[in-house]
Structures are given as C-alpha cells and as structure tokens.
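K.L.:
Mind looking over this structure? Questions follow.
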Amino acid sequence: MIVPVQGAQAVTRALHVLRAVARTRVIGITLAQLVRETKLNKPTAHRLLLALIAEGMVEQDQDSLRYFVGHECYALGGVANERFGYGRTASDGVARLAQLSGDSAFFSIRSDVFAACVLREDGDYPLKTHVLQPGTRHPLGVGAGSLAILAALRDAEIERCLDANAEVLAVKYPKWSAAMLRELVNVTRARGYSVNEGLVAAGSWGLGAAVYSPQGEVVGAFSIAAVEAHLQPARQEELAPYVIAEARLLETHLKQLETVRADHVDTKGRFNTHGGPTV
C-alpha cells in the first residue's frame with residue numbers, strides 16, 4: 001500500500017506532473033493542459049516543470065513549447081527493466097498477440113491500486129480501438145488487463161483496492177461500483193481470464209490474463225482489445241489460450257531471471273559480477 005509521506009508534498013506533486021507528461025507520450029503537453037490535468041495552479045506547475053527539466057526528467061520543445069519526458073527517464077527505464085525483467089519477453093509477447101489476433105495487444109503492470117499500460121502493439125485489422133495507450137492508468141478492475149490483475153489478488157487486497165479507489169470510481173468511472181467489480185472478479189476467476197464488454201468505451205471490448213512473479217504475486221497482465229464485432233464470445237474463447245500462454249511464458253522468464261540473480265549474489269547479499277564466490 002502506498003501511503004503519503006509527511007513533509008514530501010513537493011515530491012508527490014512533482015511525480016504527478018511527471019506522470020502527466022509521460023501519459024502524452026510523443027505528443028507532449030502544454031502548460032495549460034498540465035494545469036488542468038494535475039489541478040495545480042500555474043506557478044506551481046511551472047516551478048515543478050523547471051525542477052524536472054533541471055534534472056533531465058522533462059524536456060521542453062522550444063518551437064511548440066510542449067513538454068516531454070526527458071533522457072533521464074529513458075535511463076531509469078532501462079534500469080527498471082533490468083530490475084523487473086519484463087523487457088524483451090513482454091514486448092515480444094505483445095507483438096505475437098497483435099500479429100495473431102490482428103487487433104491491439106497490451107502489457108500492463110500493477111501500480112498499487114492502479115494498472116498502468118506500458119506496451120501496445122497494433123495488428124493489421126483495419127478497425128481498431130484507441131482507448132488504451134502506454135502511460136494510461138486506470139483503477140484496478142477498469143479494463144480487461146486491469147480486471148485480470150484485480151481478480152488475481154487476495155480477497156482482502158481486493159477490498160483494500162476498492163476502498164482506496166471508491167472516490168475516483170465514483171467521480172471518473174460512474175459505471176463501476178464495488179459490487180459490480182466484485183461480480184466481475186468472480187466471473188474472471190471462474191472463466192480463467194478477464195473480459196471487458198465495452199465498459200470503458202462503448203464498442204471497445206477486451207480480454208486479459210494476469211502475470212505472476214516467482215513469489216506468486218500478481219505483477220501485470222497481457223490483454224487484447226478489439227471492436228465489439230471482432231471480439232464476440234466465440235472469438236474470446238479462441239484467443240484466450242494465447243493470451244494465457246504469453247502470461248505463462250513471461251512467468252517462466254521471470255523465474256529464470258530470479259535463478260540467475262540468485263546465482264550472482266553471495267550469502268551476505270553482495271552482488272558477484274564474476275559469477276564465482278565473492279570474497
């Protein structure tokens with residue numbers, strides 16, 4: 001559970017600004033848009049942007065005056081990729097699902113009570129849904145991948161997530177109630193994969209499967225999204241095994257990575273770069 005740290009309000013606000021910038025991806029965001037998105041006043045938002053620019057986390061295009069994620073975000077992303085190990089395996093899995101289905105495929109990760117899309121690949125089917133993009137965050141349960149993650153949690157943790165998201169669900173996602181999400185969790189568990197029948201956006205359907213860490217904790221989900229006519233029940237049953245297979249493949253990769261890491265750490269927790277005993 002993420003608990004606000006007393007005395008760190010500026011850090012929290014800066015991270016909110018960074019996330020807002022990141023969600024715009026290659027389009028970038030203006031200062032006015034950022035103020036609306038974060039609900040910060042203009043001087044505060046501008047001051048935080050300048051601090052993030054100074055640290056290389058944000059860059060401003062001098063022609064359009066739009067803000068984009070900076071090179072330091074790229075560097076940190078590379079480090080995080082090594083830490084969590086999704087990397088190429090998740091990317092390849094998303095690409096395979098997009099090619100197989102012809103639709104849009106995604107990989108999302110859990111971020112406490114939210115799910116964040118980090119990868120998207122489009123197939124060759126001409127009609128596409130554009131609801132979910134890398135950087136998009138939804139409360140757990142909202143969307144196919146997000147629902148797969150929620151359903152994989154323990155019951156007590158599900159209730160914590162629903163309680164924590166009660167306000168944001170009521171304000172921004174009025175279609176979702178706690179009771180409905182509990183029912184969707186039950187259906188997902190019984191079926192073995194999640195299905196979103198146009199609840200996020202009319203006509204945009206999806207299905208997803210959760211990914212677990214070697215310790216048995218849910219870390220993310222693969223999902224496919226398509227227009228309603230292209231993801232009816234018969235096709236859901238056809239595609240679900242492939243989505244589940246990619247989830248299991250990534251889990252195998254994470255287990256192998258865990259073994260490699262264990263082989264390079266001595267009994268005192270020191271990393272051994274030579275692969276032999278640490279002295």
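At position 19 of the sequence shown the residue is numbered 19 (the UniProt record's numbering), and the sequence of numbers has no breaks. We put the beta carbon where it would ideally sit given N, CA and C, even for glycine.
1) What residue from L65, D63 and E55 has the CA that sits closest to H71's CA?
2) Who are the Cβ neighbours of E144 in its own chain at under 6 Å, not counting the five residues just before and after it?
3) Under the rule that 16 or more other beta-carbon atoms within 10 Å means buried, what is Q236, buried or exposed?
4) Assign A14 to buried or exposed, taking buried as 16 or more other Cβ atoms, counted over all protein chains shown, within 10 Å of its Cβ.
5) In the DSSP assignment, find the beta strand (DSSP E) that holds R110 and state where it starts and stops.
6) In terms of DSSP beta bridges, what is S204 paired with?
7) What's the call for residue 281, buried or exposed, on a 16-neighbour Cβ count within 10 Å?
8) Ordered along the chain, which non-local residues of its own chain (more than five positions away) have a Cβ less than 7 Å from that of Y242?
9) Buried or exposed for E246, please, with buried defined as at least 16 other CB atoms from any protein chain shown within 10 angstroms of its CB.
10) Alpha carbon to alpha carbon, how far is T30 from A51?
11) Over what stretch of residues does the alpha helix (DSSP H) that includes V171 continue unbroken?
12) My output table needs one value for I29: the three-state DSSP class, helix, strand or coil.
13) State the CB to CB distance for the pair A225 and V131, rounded to an integer number of angstroms; the pair is presumed to be in contact (CB under 8 Å).
14) Return the CA-CA distance between G203 and R110, expressed in angstroms with no decimal places.
15) By how many angstroms is the C-alpha of G77 removed from the C-alpha of D112?
P.N.:
Here's the rundown:
1) Within the sequence shown, numbered from 1, the residue matching residue 71 stands at position 71. Selected option, being the one with the closest Cα: E55.
2) What you label residue 144 is simply residue 144 of the sequence shown in a count that begins at 1. For the record, residue 144 in the displayed sequence is Ala; it is not Glu. Cβ-Cβ distances below 6 Å link A144 to S194, N196, G206, L207, G208 and S223 in the same chain, with the five nearest sequence neighbours on each side left out; the list follows chain order.
3) Walking along the sequence shown from the start, residue 236 turns up at place 236. Q236 comes out buried.
4) The residue labelled residue 14 in the question sits at position 14 within the sequence shown. Its Cβ being crowded by 16 or more others within 10 Å, A14 is buried.
5) On the sequence shown, position 110 is the one that residue 110 refers to. Looking at the DSSP string, the run of the beta strand (DSSP E) that includes R110 is S104 to S111.
6) Here residue 204 refers to the residue found at position 204 of the sequence shown. V227, per the DSSP bridge assignment.
7) Because the chain is modelled from 1 through 279, residue 281 falls outside the range shown and cannot be assessed.
8) By 1-based counting over the sequence shown, the position of residue 242 is 242. Take Y242, set aside five residues on each side of it, and the residues of its chain with a beta-carbon closer than 7 Å to its own are L97 and L100, in chain order.
9) Position 246 of the sequence shown, counting from 1, holds the residue named residue 246. The residue is buried, with at least 16 neighbouring Cβ atoms inside 10 Å.
10) Position 30 of the sequence shown holds residue 30. Position 51 of the sequence shown holds residue 51. So the two alpha carbons sit approximately 16 Å from each other.
11) What you label residue 171 is simply residue 171 of the sequence shown in a count that begins at 1. First-last of the alpha helix (DSSP H) with V171: A166 to K172.
12) Numbered from 1 along the sequence shown, position 29 holds the residue referred to as residue 29. Strand at I29.
13) Residue mapping note: residue 225 aligns to position 225 of the sequence shown, counting from 1. Residue mapping note: residue 131 aligns to position 131 of the sequence shown, counting from 1. Yes, A225 and V131 are in contact; Cβ-Cβ is about 7 Å, under 8 Å.
14) The residue labelled residue 203 in the question sits at position 203 within the sequence shown. The residue labelled residue 110 in the question sits at position 110 within the sequence shown. For G203 and R110, the distance between alpha carbons rounds to 25 Å.
15) By 1-based counting over the sequence shown, the position of residue 112 is 112. By 1-based counting over the sequence shown, the position of residue 77 is 77. Cα-Cα distance, rounded: 18 Å.
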